[in-house]
Structures are given as C-alpha cells and as structure tokens.
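Just below is one structure, and these are the notes that go with it.
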Amino acid sequence: MYPIIRNRRLRASESIRNLVRETSITPHDFLVPLFVEEGKGIKSEIPSMPGYYRFSLDLLKKEVQELWSMGLCGVLVFVKVEDALKDNQGTEAVNPDGLMQRAVKTIKDVCPGMLVMTDVALDPYSSYGHDGIVEDGQILNDETVEVLTDMSLSHIEAGADFVAPSDMMDGRILSIREAFEDAGYHHAGIMSYSAKYASAFYGPFRDALDSAPGFGDKKTYQMDFANRFEAIRETQLDVDEGADIVMVKPGLAYLDILREIKNEVDVPVAVYQVSGEYAMLKAAAEKGWLNHDAVMMEQLIAFKRAGADIIASYFAKDAVKLL
Ligand code: PBG
171 MYPIIRNRRL RASESIRNLV RETSITPHDF LVPLFVEEGK GIKSEIPSMP GYYRFSLDLL
231 KKEVQELWSM GLCGVLVFVK VEDALKDNQG TEAVNPDGLM QRAVKTIKDV CPGMLVMTDV
291 ALDPYSSYGH DGIVEDGQIL NDETVEVLTD MSLSHIEAGA DFVAPSDMMD GRILSIREAF
351 EDAGYHHAGI MSYSAKYASA FYGPFRDALD SAPGFGDKKT YQMDFANRFE AIRETQLDVD
411 EGADIVMVKP GLAYLDILRE IKNEVDVPVA VYQVSGEYAM LKAAAEKGWL NHDAVMMEQL
471 IAFKRAGADI IASYFAKDAV KLL
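In the working numbering, the protein residues as written are 171 to 493.
Dropping the structure here:
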C-alpha cells in the first residue's frame, strides 16, 4: 500500500519502461494481405485504402521481395477477378491456371521461403458477390463447401502452404481437411476465419476487389456482431474439424472476442485488422486529426495484448519500418 508501493516507480524512465513492458511487436507477427489483378505493369492504388495497392503479377514479384527483405514472412493472397469470368458456380475459382493459382506460383518462384496463404471464398468469383452459390436468393451451404474444397486443393497444388477459408459455410474445414489428407497433402495448413462477423468495416476491401454483394447482405453466413458465445462455438468446431490456426475478424471492435478465444483454444489465434480499420486511421491522419504512427502502433500492440499470435494487417509494412 501507498507509500510503500508507488506504481510510478516502474514508469519513471524509458529504460525501466522498456524492461517491464509486457507486449512487443516484431515483423514475424504479421501476415500481409496482397491484392492481385490481371495485366502488366499495374500498381494501382485503392481509393478507399490510401497507400495500398493492387498489383499485376510482374510487379507482385518486387513487392514480395521487398516484404521478405523487411522480415515479413507471410502473405494472404486475394485476387480481383474479371467480370467476364464471374458466374454463380465459382468455375474460375478452380481453374488450375487462374489468377490465384498463378499468383501463388509467382510468389513461390521469387521467394520460396515466403509463407503463402490463399483466400478461399467465392465472392470475388461470384456474379452475385456472395461467398457461396446462390439459389432463389439463398446461399447454399453444402454445394458451396464442395467448390471451396476443390478450390483449396487447387491452391495447394499450385504451391500454397495454407488455405484461409473466409466464407463461414458450415462444415467447410472438415471437408477441406479430409480432402487434403486423401490427396496426401498432410502438411497443407488451414487458417480458418472462424469468428468472422457480418461487419460494415469490410467496405474498402469490397471496393478493392469489386466484390460487394449484388443483393442483400452476408448475415445468413457471417456472424451477428451482438454475439459472443457463438464465436466460441464456431471456433471450437473449426479446431475440432482440423483448423491449424483460427481467426477473429474484424479486429479493434472485437478485442473482447479475441481475448476470450485465446483463453479458450490452444491453437494459434490470428486477428484481421480489416480494410475499414485501415481506412479510418488513414483518413483521420490525412486530416491531421490523429498521429498516424502512434495510433497505428497502439492498435497493433492492443491486438497482441488481447491475445493475438498473428496479425493480418494492411499496416504491416508501415509498422515494420518503425521497429
Ligand atoms: C471475402 C473476404 C472479405 C474480407 C476478407 N475476405 C470481405 C467479406 O467478407 O465481405 C474482408 C477483409 C477486409 O475488409 O480487409 N470472403
């Protein structure tokens, strides 16, 4: 009790604060989302994500080499699919020569050590902008899981290390895991978006990939953001079905869920600081209303403190430059 105990002794100088700090960030904490599009010589800025780009495959090589040289060792790949290739069955998603499959090969060619994770969901491929096959206004579950499973196999065949199903269909982790085992892909990993909420924070991402839902919303498959127990149930099921890593998404507004899941499961837990979170800080900083670097680091540390083992973030490069 005071004055025997004075908590400020442990805050009195930079050195003592450095010694007693509980949480830190390294380049190895990050997964870097990469947006890829068809073409040559393209590095096009996403208007609602200042400082973030879509790359054609030739320029993707340079970007990946730069990430690797900074100590960033994992990427999460997303593709923008041409309208003419979109349909309701995800036909292009399983094309062995599709953009995703070529992107994986390109990354592995220039940087074999880079851990490559691929997004698995139908929305960029869907003429309806939904994560699954649509029939009579409904998103079909089991039919979608079949396509997602074939899609996952084709990503591993192309050389991906992990697939990252972001679709929230029931039973997809088990189906993908069994298919990997049957095919002899015993080391192919699955990072499941297990507690993924139906969030308004995904807006800029949907601009980046031109993948906004053409009708309705995603509330029949992504989770209600009012729910907590449901997140634990979803995540435990995914672990039981064979997920190697689980994920909470979005990040900042869901730190309670992140901590709870970290306490509940013993696989690594990832968090996704999503596009809307990135856009908010960039916009406030542009206006001079927030200190960009300070707020960015405070948020990233908050994810670690809340229990994240891995952070998927559009700020990865910005942050590593400051470390
Ligand atoms: C697609 C997918 C989305 C994100 C990752 N994968 C969008 C969505 O579910 O509508 C969002 C990422 C972000 O906003 O940064 N299944």
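C-beta atoms are modelled at their ideal positions from N, C-alpha and C, and glycine is treated no differently.
The model shown is predicted, which means the values in this text are computed figures rather than measured ones.
Item: Helix, strand or coil at T288 [DSSP, three-state]; Value: strand
Item: Residue from L323, W238, D320 and Y223 with nearest C-alpha to P282; Value: W238
Item: Inter-residue spacing [alpha-carbon to alpha-carbon] between E236 and M417; Value: 26 angstroms
Item: Beta-carbon proximity check, A449 vs P374, cutoff 7 angstroms; Value: yes
Item: Stretch pair the region 252-259 + the region 410-429: three plus CB contacts closer than 8 angstroms; Value: no
Item: Span of the alpha helix (DSSP H) around V315; Value: D312 to A328
Item: D228 versus K210: straight-line alpha-carbon distance, rounded; Value: 6 angstroms
Item: DSSP-derived helix/strand/coil call for Q392; Value: coil
Item: First and last residue of the uninterrupted alpha helix (DSSP H) at V501; Value: As shown, the chain starts at 171 and ends at 493. That puts residue 501 outside it, with no answer to give.
Item: Residues bridged to P335 (per DSSP); Value: V290
Item: Paired residues, beta bridge with P203 - DSSP; Value: L246
Item: Cβ-heavy atom distance, D293 to the ligand PBG, below 6 angstroms; Value: yes
Item: For S214, the first and last residue of its enclosing alpha helix (DSSP H); Value: Not the alpha helix (DSSP H): S214 falls in the beta strand (DSSP E), residues K213 to I216.
Item: S483 in three-state terms, based on DSSP; Value: strand
Item: For G359: DSSP bridge partner residues; Value: F332
Item: Range of the contiguous beta strand (DSSP E) that encloses I174; Value: Looking at the DSSP string, I174 is not in any beta strand (DSSP E), and its letter there is neither H nor E.
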